[in-house]
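Engineer: Numbers -17 to -1, 1 to 563, taken from mature numbering (1 follows the signal peptide of the UniProt record, and there is no 0), label the letters of the sequence shown in order. Here a beta-carbon is modelled for each residue, glycine too, at the ideal position from N, C-alpha and C. Input: one structure, supplied below.
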Amino acid sequence: MRFLTIFALAIGHSVTALECHSDPILPPARNLGQSEAFQNALSGLTQKLDAAAKGDILAGWDINNTSMSVGIVSFDQENPNVPIWEYHHLAPGNVNGTKRVDKNSQYLIGSVSKVITDALVLRSGVDIDEPVTSFIPQLAGESLIQWGDIALRDLAEQLAGIPTNYGFSEYYYINFYFELLGFPPVENSSYPPCGVIGLNKGCSKDELLQGLLASYPTTTPQTHPVYSNVAFTLLSYALTARTNTSYADLLSTLLTTPLGMSSTSPDPGNDSLAVIPPVSNSWGSTYGDSAPGGGLVSTLSDLSVFLHAILTRAPALGLSERAVQEWLKPRSFTGSRSSFVGTPWEIFRPEPELLFPDGEGHTVTIHGKGGGAYGYASWVGLVEEYGLGVVVLTAGGENAVAIVQNAVLSTLIPIADRVAREQAAARYAGVWEGSGLNATVEVDGEGLKITGLWREGKDMLQAIREIWAVTANEWLPSTLGETYRAFPAMVEKQGVMGGREVVREDWRLQWDVRLALESELPGARLAGNDCLSWTLVDWLHYGSEPIDRIVFVKDAVTGEVIGLDVPFLRTGVLEKVGGL
């Protein structure tokens, strides 16, 4: 029995139009904090957090001992250190430290320190592809780990294949329990000579390096990610060796002072400003050489500034647009189709239905970094598609950070998406006419769509389908569907039109390619789960102009969309003559 399998490169059983695209779908909402819909949604979240903190609903954390500061930052807010929404709670059990929690209250941020340290490494200008042994020659000695094959980049990306900790991973203080469970007794001399809680002191630099020479590799460099705290200690050693400047001074000179992050520094912080939980904690401890990987103190205000600087590519960050884009790229897989590892971002792409329960949604990329210090847990995240950042700082209950993080994201992303679509519909959608050309643009639940394109009475969308059939069809037996969606290309050009300063904003059409295969072999539907539309960008040209390129013309000052250009049809800029 013969059968015909039809799948789509852009639309299929598993890969919908919005699951096979380049971010973003639409420009992010502007002035989101002033949107009534946003204010209503976040007001509802505030009420739920209050109810959880009071015990009126199940919180999932120790409400008597858990304090927190939570905030959202937007790319276009006026004051980057004042979140567009913030929530603070001081647990009733708190007796030490600050008596009022606000955006300037200090927390230990644990491994969120790592993303700040990676920013410092990138900002420093050192060659991150140099081997670590060029900076730390002590690691060139005999070792089970091939340190000469490990570059600073590997350390920064959690791809060095080196131990997670040295000494700290030992649980000497419960060694009796190990023996009770059947582990063989070991002498104290079997433990590392430093860094073991309850047995010996912290490691000096020389002791740590000697210990690492004797440690086992966890894998080979760039094979797969293995979390490492000591990697960030080594990064700080490398920076100090190359610049002859301490980590703390580099942090202040290159990042926190230029950005105005006055409360972010290696421990200890200011007790009078600190959120000190009424449980066992490490506030006031000296993290020493471990600070770059997990011992910084910061505030909601400072971390908002930091995320805002990344979102806006602020000059004070000291990184170019290209450098930031590279910084945000994933570097490895984790074994999950939803999780990736960056520098040192923990990149999460949840199933759309988890964020958009109404069914109208798509995969959203969240660049996050979590952290934990004794008695503290924290998380920062970027949702670049919507120009948003999130900060969650907690003290006293480690469960709270993940619960609150999820509550904020599941509230924030749908409303940011909704407002972005509403704004896009007002700006881009409508009927555009001029010089014999008529175009109709719609914005629906899946983004911007070209539903009509007529030149001198001829249907140009149908014409594109016919051109595809006699060109691309020769090497890719396929047809084009009837849906023409466009996505921002993130390419803009300043100019003048009619004496008015304008910005020409490029968009690219995504081809709805339907590839028909006829086969009785197994796996015929497999390719329908692959996303290959990115390979078809810029394929069709007409007289040096890409057929998939359209350009919206915006007022350079107000951002108002005042024209639409379809360059391959050479009819000039169209004006909007009606809405939809």
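What would DSSP say about Asp548, mapped onto helix, strand or coil?
Structural biologist: In the structure shown, Asp548 sits in a strand (DSSP, three-state: E or B).
Engineer: For the pair the region 131 to 143 and the region 384 to 402, tell me if three or more CB-CB distances fall below 8 Å.
Structural biologist: No: fewer than three Cβ pairs fall under 8 Å.
Engineer: Just the C-alpha distance for Leu191 and Thr116, rounded to the nearest angstrom, thanks.
Structural biologist: Leu191 and Thr116: Cα-Cα distance of roughly 15 Å.
Engineer: How would you label Glu488, buried or exposed, when you count the other beta carbons within 10 angstroms and need 16 or more for buried?
Structural biologist: Answer is buried; the Cβ neighbour count reaches 16.
Engineer: Could you tell me the alpha carbon to alpha carbon distance between Pro261 and Ser5, rounded to whole angstroms?
Structural biologist: The straight-line gap from Cα to Cα measures roughly 47 Å.
Engineer: When you compare the CB positions of Val307 and Pro63, do they come within less than 8 Å of one another, or not?
Structural biologist: Contact flag unset, no.
Engineer: Beta-carbon within less than 7 Å of Asn148's beta-carbon, same chain only, minus the 5 sequence neighbours each way: which residues are those?
Structural biologist: Correct list, in chain order: Asn212, Val213.
Engineer: I'd like to know whether the C-beta atoms of Trp490 and Phe551 end up nearer to each other than 8 Å.
Structural biologist: No, the Cβ-Cβ distance between Trp490 and Phe551 is not below 8 Å.
Engineer: Asp442 bridges to which residues according to DSSP?
Structural biologist: BP columns for Asp442 point to Trp437.
Engineer: So, is Phe275 buried or exposed, given that buried needs 16 or more other C-beta atoms within 10 angstroms?
Structural biologist: Rather than Phe, the amino acid found at residue 275 in this sequence is Pro. Pro275 should be labelled buried.
Engineer: Going by beta-carbon coordinates alone, are Gly417 and His291 separated by less than 8 Å?
Structural biologist: Taking 8 Å as the Cβ cut-off, Gly417 and His291 do not qualify as a contacting pair.
Engineer: Hey, quick one: how far does the alpha helix (DSSP H) through Gly276 stretch, first residue to last?
Structural biologist: Element bounds for Gly276: 274 to 277.
Engineer: Quick check on DSSP: helix, strand or coil for Asn382?
Structural biologist: Helix, per DSSP.
Engineer: Could you name the residues of the same chain whose beta carbon sits closer than 7 Å to that of Tyr525, not counting the 5 residues immediately before and after it, in chain order?
Structural biologist: For Tyr525, where only same-chain residues beyond five positions count, the Cβ hits under 7 Å are Phe551.
Engineer: If contact is defined by three or more beta carbon pairs under 8 Å, each pair taking one atom from either stretch, is the region 354 to 363 in contact with the region 28 to 47?
Structural biologist: Segments in contact, no.
Engineer: Applying the criterion that 16 or more other CB atoms from any shown protein chain within 10 Å of the CB defines a buried residue, is Ala143 buried or exposed?
Structural biologist: So Ala143 ends up on the buried side.
Engineer: Sort out for me which residues DSSP pairs Gln477 with in a bridge.
Structural biologist: DSSP lists Val486 as partners of Gln477.
Engineer: Answer with buried or exposed for Lys441, where buried requires no fewer than 16 other C-beta atoms within 10 angstroms of its C-beta.
Structural biologist: Lys441 is exposed by the Cβ-count criterion.
Engineer: Check each candidate in Pro340, Leu15, Leu182, Trp517 and name the one with the smallest Cα separation from Ser393.
Structural biologist: Of the listed residues, the one whose Cα sits closest to Ser393 is Pro340.
Engineer: In this structure, does DSSP put Thr247 in helix, strand or coil?
Structural biologist: Residue state, collapsed to three classes: coil.
Engineer: Can the beta-carbon of Arg404 be found less than 8 Å from the beta-carbon of Val384?
Structural biologist: Contact: no.
Engineer: Drop a sphere of 10 angstroms on the beta-carbon of Ile180, count the other beta-carbons inside from all chains shown, and report buried for 16 or more, exposed for fewer.
Structural biologist: Ile180 should be labelled exposed.
Engineer: For Leu302, tell me which candidate among Leu376, Asp112, Val104 has the shortest Cα-Cα distance.
Structural biologist: Leu302 has its Cα closest to that of Val104, out of Leu376, Asp112, Val104.
Engineer: Going by DSSP in three states, residue 564 sits in which element: helix, strand or coil?
Structural biologist: For residue 564 there is no data in the structure shown, the boundaries of the chain being -17 and 563.
Engineer: Near Val98, what residues of its chain come up, given a Cβ to Cβ distance below 8 Å and the 5 sequence neighbours on each side ignored?
Structural biologist: Closer than 8 Å at the Cβ level, and outside the excluded window around Val98, lie Pro327, Trp328, Lys352, Val363.
Engineer: Would you grab the beta carbon distance between Gly43 and Ile349 for me? Rounded to a whole angstrom, and I think it's under 8 Å.
Structural biologist: That belief does not hold up - the Cβ atoms of Gly43 and Ile349 are roughly 20 Å apart, past 8 Å.
Engineer: In angstroms, rounded to a whole number, what distance separates the CA positions of Gly478 and Thr466?
Structural biologist: Cα-Cα distance, rounded: 31 Å.
Engineer: Does the separation of the CB atoms of Gly93 and Tyr359 fall below 8 Å?
Structural biologist: The answer is yes: Cβ separation under 8 Å.
Engineer: Between Thr216 and Asp250, which are expected to be in contact by the criterion C-beta below 8 Å, what is the C-beta distance as a whole number of angstroms?
Structural biologist: That belief does not hold up - the Cβ atoms of Thr216 and Asp250 are roughly 15 Å apart, past 8 Å.
Engineer: DSSP three-state call for Trp68: helix, strand or coil?
Structural biologist: Here Trp68 sits in strand by DSSP.
Engineer: When the Cα of Val53 is compared with those of Ala510, Val65, Pro460, Thr223, which residue comes out closest?
Structural biologist: When only C-alpha atoms are compared, the closest one is Val65.
Engineer: Excluding the five sequence neighbours on either side, which residues of its own chain have a C-beta within less than 6 Å of the C-beta of Phe151, listed in chain order?
Structural biologist: Taken in chain order, the residues that qualify are Gly178.
Engineer: Given Leu(-14), which residues of its chain have a CB within under 6 Å of its CB, disregarding the five upstream and five downstream residues?
Structural biologist: Unreliable placement is indicated for Leu(-14), whose pLDDT of 27 sits below 50; no coordinate value is reported for it.
Engineer: Counting pairs of Cβ atoms below 8 Å between the region 156 to 170 and the region 217 to 224, do you hit three or more?
Structural biologist: The region 156 to 170 is not in contact with the region 217 to 224.
Engineer: Which residues bound the beta strand (DSSP E) around Trp415?
Structural biologist: First-last of the beta strand (DSSP E) with Trp415: 413 to 417.
Engineer: Would you tell me roughly how many angstroms separate the C-alpha atoms of Ser263 and Ile157, rounded to the nearest one?
Structural biologist: Answer to the nearest angstrom: the Cα atoms are 17 Å apart.
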